[in-house]
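To start, the structure under review is shown below, and the notes come after it.
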Amino acid sequence: GLGGLDGVVFNAGIGIGYGLAGTALADWDRVLHVNLRAPFLVGKAAMPALEAGASLVFIGSLAGTKPGSRSPSYDASKAGLTGLVRHIAAEGAPRGIRANVVAPGLIDTVMGRDASSGGDSRDRVARLIPMRRQGTAWEVADAAVFLLSDRASYVTGQVLHVDGGLSTLR
């Protein structure tokens, strides 16, 4: 067993494909394997080792609540992750175990630049965001640290958007 586990952060994700027609079945399966099957296996393995006060944080995406990544498998997998995490939260709550999603928007990382820009400049991408800038990996990490902490002891089954306000747009 894992014994003594207080918290888990799941942060793995890939996106492949461009629209329905541009997404091969093998790519669809690979994305769902990494973005949905893997967090299921992590949650399943971790739950028996967790005690009251423990927290699981899964890194999702704004694409899970607001599709638009150009990858249908990515959008679907991140939406599915939210459903999975809410199930884990409901199952863990009676034992005092919490589970939440941090949903980044456009973050200034290699993956974020590849997903958001399509050749656009950073300034042009920033103009699309209500706060007029991309987020940083540290801001996403800080959200995860908060959800792992006792300061979030009454927060479970939630999606915390770290997106500069993108989730507020239609």
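Letter by letter, the sequence shown follows residues 744 to 913 in the numbering used here.
For each residue, glycine too, the CB sits at the ideal point set by N, CA and C.
Out of curiosity, what's the CA-to-CA distance linking ALA836 and LYS809?
As a position in the sequence shown, residue 836 is number 93, starting the count at 1. As a position in the sequence shown, residue 809 is number 66, starting the count at 1. Here the alpha carbons of LYS809 and ALA836 stand approximately 27 Å from one another.
Are the CB atoms of LEU784 and GLY807 nearer to each other than 8 Å?
In the sequence shown, the residue the question calls residue 784 occupies position 41. In the sequence shown, the residue the question calls residue 807 occupies position 64. The answer is no: Cβ separation not under 8 Å.
Within 10 angstroms of its Cβ, does TRP881 collect 16 or more other Cβ (buried), or is it exposed?
On the sequence shown, position 138 is the one that residue 881 refers to. A residue is called buried when at least 16 other Cβ atoms come within 10 angstroms of its Cβ; TRP881 does not meet this threshold and is exposed.
Quick check on DSSP: helix, strand or coil for VAL751?
What you label residue 751 is simply residue 8 of the sequence shown in a count that begins at 1. It is a strand residue.
Taking only the alpha-carbon atoms, compute the straight-line gap between ASN843 and LEU849 and give it to the nearest angstrom.
By one-based count along the sequence shown, residue 843 stands at place 100. By one-based count along the sequence shown, residue 849 stands at place 106. Going by the C-alpha atoms only, they are around 20 Å apart.
Checking 8 Å against the spacing of the C-beta atoms, do ASP778 and SER820 come in under that value?
Working through the sequence shown from its first residue, we reach residue 778 at position 35. Working through the sequence shown from its first residue, we reach residue 820 at position 77. Correcting the residue identity first, residue 778 is Asn in this sequence and not Asp. Cβ distance < 8 Å, so ASN778 and SER820 count as in contact.
Close Cβ partners of LEU793 (< 6 Å) along its chain, the five nearest in sequence each way excluded
Reading the sequence shown from its first residue, position 50 is the one you call residue 793. Beyond the five residues adjoining it in sequence on each side, LEU793 comes within less than 6 Å, by CB distance, of LEU748 and ILE840 in the same chain, given in chain order.
What span of residues does the beta strand (DSSP E) with ILE802 cover, start to end?
Numbered from 1 along the sequence shown, position 59 holds the residue referred to as residue 802. Start and end: 793 to 802.
Can you grab the Cα-Cα spacing for the pair VAL883 / PRO847, in whole Å?
Translated into positions along the sequence shown, residue 883 becomes position 140. Translated into positions along the sequence shown, residue 847 becomes position 104. If you take the alpha carbons of VAL883 and PRO847, they lie about 7 Å apart.
Which residues does DSSP pair with GLY878 in a beta bridge?
Counting from one through the sequence shown, the residue named residue 878 turns up at place 135. Answer is ILE850.
Based on the DSSP output, what are the partners of VAL845 in its beta bridges?
Here residue 845 refers to the residue found at position 102 when the sequence shown is read from its first residue. ILE802 and LEU903, per the DSSP bridge assignment.
Got a sec? Which residues, its chain only, sit under 7 Å from ALA755 by beta carbon, not counting five neighbours each side?
The residue you call residue 755 lines up with position 12 of the sequence shown. Only VAL777 and ALA781 meet the Cβ criterion.
Residues of its chain near ILE831, where Cβ-Cβ distance is below 7 Å and the 5 sequence neighbours each way are ignored
Counted from its first residue, the sequence shown places residue 831 at position 88. Closer than 7 Å at the Cβ level, and outside the excluded window around ILE831, lie GLY786, LEU799 and ALA842.
Cα-Cα separation between HIS904 and SER804, rounded to whole angstroms:
Within the sequence shown, numbered from 1, the residue matching residue 904 stands at position 161. Within the sequence shown, numbered from 1, the residue matching residue 804 stands at position 61. The alpha-carbon atoms of HIS904 and SER804 are separated by roughly 8 Å.
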